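Visitor: Let me give you the structure first, and then I'll get to my questions.
Protein chains: 2
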Amino acid sequence: MTELRKDPIIDNWVIISTERGRRPLDYKIKTGEKKKDSCVFCEGNEGETPPEIFAFRKKGTRENSPGWKVRVVSNKYPALKMEEKEAALEKAGMFWKMDGLGVHEVIIETPHHHKDFDNLSIDSIVLILKTYQQRYLDLSKDKRIKYILIFKNYGIDGGASLEHPHSQLIGTPIIPQRIKEELKGAKEYFDLNGRCIFCDCIKQEVKSKDRLIKETEKYVAISPFAARFPFETWILPK
Amino acid sequence: MTELRKDPIIDNWVIISTERGRRPLDYKIKTGEKKKDSCVFCEGNEGETPPEIFAFRKKGTRENSPGWKVRVVSNKYPALKMEEKEAALEKAGMFWKMDGLGVHEVIIETPHHHKDFDNLSIDSIVLILKTYQQRYLDLSKDKRIKYILIFKNYGIDGGASLEHPHSQLIGTPIIPQRIKEELKGAKEYFDLNGRCIFCDCIKQEVKSKDRLIKETEKYVAISPFAARFPFETWILPK
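Those protein sequences? They're chains A and B, same order as listed. All residue numbers for the first sequence refer to the numbering used here, where the first residue is 1166 and numbers rise by one. All residue numbers for the second sequence refer to the numbering used here, where the first residue is 1166 and numbers rise by one.
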């Protein structure tokens, strides 16, 4: 089966081709085996990272020392950095540029090098999500930050450069193009239909069950109609 | 140095961060060493591919037999397929879809498994480019095809699944979103300034030489101002 599907929110078509998955592969897929046993993100090596911004810790332990459960530090090799000024547009001939003002943080998800997300307890995962929330709310107060993205690269094929379980937060002085398109698409749908496009999506997916992964009291997890890659999953609040 | 740069043509900002390149890497980068010595794309195995669509051949050799220099066949695992009908929009609840009508071809660049692009003679490369041109012109006649993309994935990290030197051609029944944005951006620039944005880019890059890679009588090669990845290169006709 091969068909084109339009993303319901933005004006983007995706080729859905089940036959492509059956093609042979000359190259070997690498396993996720880890090479190291400890690293700068491990418990005991707190002095080797930039200072702690936030942490969930065992009672009585001091910051930048062992005893933490989840720990947030600045990215040592940041894509963006905060400085004491406003982001100003600057012209370079016919081009426009801007200082790379923003934040780039690393959320170290566990003190243990080998405890990947799928090996963590529910309680540990709750702490990671609460950390995301804390950092999001705190950074939202800075008016220079227009957008916050929290993401997790897993393995070298996922863009990770370090093995230790971690996620990242990036706060940018502009709203990314795709997000602007989503906002625009959602607004246009609302203006046309008088209804929220995400609510309509949820209604259709829950009814048809074709792409419904999980439904709970407050959330649904779906595989979107115009998924851009295998296993793309959206978690939406009801 | 970290700064944000706006793509001059579309409304997209890119983070340019030289510090990111210095970050350590736990994972080993794989070499491009080939595992096989021959495959379905090699000379002598013509019967194992779909039938030949086009080829540059030595005089007196028959199609689907040895003696070719560059050879084009349908992709055996196509993302899109042509059928005897028009691409029609279809509704699936609140979603829109369309038959995956189009073409997906493989350009086998050389009969030799180990002759990568950088090992080919200028004459061989000219034949590959002429093949691109032939297929492009031929497929342009089909009104159902709205856009043709010719691309080359190299190595597993580049998205290739087969080792043998090859490129691909895809013809789609819709114009991809990014191309629509480029057309829109270029038109808006022209309406505003009365000049072509690509000509203005070339003028600035040739003058400043900051991002000029090569200039010939008819072409320039530049690294674009808002490059999205290292070594992104644009070849533009003057």
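Where a beta carbon is used, it is the ideal one built from N, C-alpha and C, also for glycine. Keep in mind that this is a model prediction, so the values were computed, not measured.
So if I threshold CB-CB distances at 9 Å, which residues from the stretch 1277 to 1309 of chain B count as touching chain A?
Guide: Cβ contacts with chain A: none found.
Visitor: DSSP three-state call for residue 1397/A: helix, strand or coil?
Guide: Numbered from 1 along the first sequence, position 232 holds the residue referred to as residue 1397/A. Three-state DSSP puts residue 1397/A in coil, outside helix and strand.
Visitor: Cβ of residue 1203/B less than 9 Å from any chain A Cβ?
Guide: To locate residue 1203/B, count along the second sequence from 1; it is residue 38. Taking Cβ atoms only, chain A never reaches closer than 9 Å to residue 1203/B, which makes this a no.
Visitor: With 7 Å as the limit, tell me which residues of the stretch 1246 to 1266 of chain B have their beta carbon closer than that to any beta carbon of chain A; keep them in chain order.
Guide: The stretch 1246 to 1266 of chain B vs chain A, Cβ under 7 Å: 1246, 1258, 1259, 1260, 1261, 1262, 1263, 1264, 1265.
Visitor: Taking only runs of the beta strand (DSSP E) that begin and end inside the stretch 1228 to 1302 of chain A, which ones reach a length of at least 3 residues, in chain order?
Guide: Whole beta strand (DSSP E) segments, 3+ residues: 1233 to 1239, 1254 to 1257, 1260 to 1264, 1268 to 1273.
Visitor: Which residues in chain B have a C-beta closer than 7 Å to the C-beta of residue 1390/A? List them in chain order.
Guide: Here residue 1390/A corresponds to residue number 225 of the first sequence, with the count starting at 1. 1260, listed in chain order.
Visitor: So, helix, strand or coil for residue 1354/A, using DSSP?
Guide: By one-based count along the first sequence, residue 1354/A stands at place 189. Here residue 1354/A sits in helix by DSSP.
Visitor: Taking residue 1274/B and residue 1235/B to be in contact with their CB atoms under 8 Å, please state how far apart those CB atoms are, rounded to whole angstroms.
Guide: By 1-based counting over the second sequence, the position of residue 1274/B is 109. By 1-based counting over the second sequence, the position of residue 1235/B is 70. Between residue 1235/B and residue 1274/B the Cβ distance is about 6 Å, and since that is below 8 Å, they are a contact.
Visitor: Tell me whether residue 1205/B sits in a helix, a strand or coil according to DSSP, three-state version.
Guide: What you label residue 1205/B is simply residue 40 of the second sequence in a count that begins at 1. Note: residue 1205/B maps to coil in three-state DSSP.
Visitor: Can you find a C-beta in chain B that's less than 9 Å from the C-beta of residue 1369/A?
Guide: Numbered from its first residue, the first sequence carries residue 1369/A at position 204. Closer than 9 Å: yes.
Visitor: Here's the rule: buried if 16 or more other CB atoms are within 10 angstroms of the residue's CB, otherwise exposed. What is residue 1264/A?
Guide: As a working note, residue 1264/A is residue 99 in the first sequence. Buried: at least 16 other Cβ atoms inside 10 Å.
Visitor: With a cut-off of 8 Å on the beta carbons, I'd call residue 1278/B and residue 1204/B a contact; round off their distance for me.
Guide: Translated into the one-based positions of the second sequence, residue 1278/B becomes position 113. Translated into the one-based positions of the second sequence, residue 1204/B becomes position 39. So it is a contact: roughly 6 Å between Cβ atoms.
Visitor: Assign residue 1378/B to one of three DSSP states: helix, strand, or coil.
Guide: In the second sequence, residue 1378/B corresponds to position 213, counting from 1. Here residue 1378/B sits in strand by DSSP.
Visitor: Check residue 1344/A in the structure and name its three-state DSSP category.
Guide: The residue given as residue 1344/A occupies position 179 in the first sequence. Residue 1344/A: helix per DSSP, three-state reduction.
Visitor: Does the distance from the CB of residue 1239/A to the CB of residue 1269/A come in under 9 Å?
Guide: The residue given as residue 1239/A occupies position 74 in the first sequence. The residue given as residue 1269/A occupies position 104 in the first sequence. Cβ atoms of residue 1239/A and residue 1269/A: closer than 9 Å.
Visitor: Pull up the distance between the alpha-carbon of residue 1172/B and that of residue 1362/B, whole angstroms please.
Guide: Numbered from 1 along the second sequence, position 7 holds the residue referred to as residue 1172/B. Numbered from 1 along the second sequence, position 197 holds the residue referred to as residue 1362/B. When rounded, the distance between both Cα atoms is 11 Å.
Visitor: Under DSSP, the beta strand (DSSP E) around residue 1362/A begins and ends at which residues?
Guide: Here residue 1362/A is taken as the residue at index 197 of the first sequence, counted from 1. Taken as a continuous stretch (DSSP letters only), residue 1362/A belongs to no beta strand (DSSP E), being part of the alpha helix (DSSP H) at 1362 to 1373.
Visitor: Work out the CA separation of residue 1167/B and residue 1224/A for me, nearest whole Å.
Guide: Numbered from 1 along the first sequence, position 59 holds the residue referred to as residue 1224/A. Numbered from 1 along the second sequence, position 2 holds the residue referred to as residue 1167/B. Approximately 38 Å, taken between the alpha carbons.
Visitor: Kindly say whether residue 1393/A, judged by its beta-carbon, lies nearer than 9 Å to any beta-carbon of chain B.
Guide: Position 228 of the first sequence, counting from 1, holds the residue named residue 1393/A. It does not: the Cβ of residue 1393/A has no partner Cβ on chain B nearer than 9 Å.
Visitor: Taking only three categories from DSSP, how would you classify residue 1349/A?
Guide: Residue numbering aside, residue 1349/A sits at position 184 when the first sequence is read from its first letter. DSSP places residue 1349/A in helix when its eight states are reduced to three.
Visitor: Residues of chain A with CB under 9 Å from residue 1243/B, in chain order?
Guide: As a position in the second sequence, residue 1243/B is number 78, starting the count at 1. Those are 1167, 1182, 1184, 1185, listed as they occur along chain A.
Visitor: Taking 9 Å as the cut-off, decide whether the C-beta atoms of residue 1300/B and residue 1272/B are in contact.
Guide: As a first step, residue 1300/B must be located in the second sequence, where it is residue number 135. As a first step, residue 1272/B must be located in the second sequence, where it is residue number 107. Yes, Cβ-Cβ distance for residue 1300/B and residue 1272/B is below 9 Å.
Visitor: Just confirm the distance between the C-beta atoms of residue 1221/B and residue 1292/B, as a whole number of angstroms; I'd bet it's less than 8 Å.
Guide: Mapped onto the second sequence, residue 1221/B falls at position 56. Mapped onto the second sequence, residue 1292/B falls at position 127. Confirmed, Cβ separation roughly 5 Å.
Visitor: Give a yes or no on whether 9 Å exceeds the smallest Cβ distance from residue 1338/B to chain A.
Guide: In the second sequence, counting from the first residue as 1, residue 1338/B sits at position 173. Chain A, which has a Cβ nearer than 9 Å to the Cβ of residue 1338/B, makes this yes.
Visitor: Hey, how far is the Cα of residue 1262/A from the Cα of residue 1219/B?
Guide: Numbered from its first residue, the first sequence carries residue 1262/A at position 97. Numbered from its first residue, the second sequence carries residue 1219/B at position 54. Distance between the alpha carbons of residue 1262/A and residue 1219/B: 46 Å.
Visitor: May I ask which residues mark the beginning and end of the beta strand (DSSP E) holding residue 1219/B?
Guide: Counting from 1 along the second sequence, the entry for residue 1219/B is found at position 54. Where residue 1219/B is concerned, the enclosing beta strand (DSSP E) stretches over 1217 to 1222.
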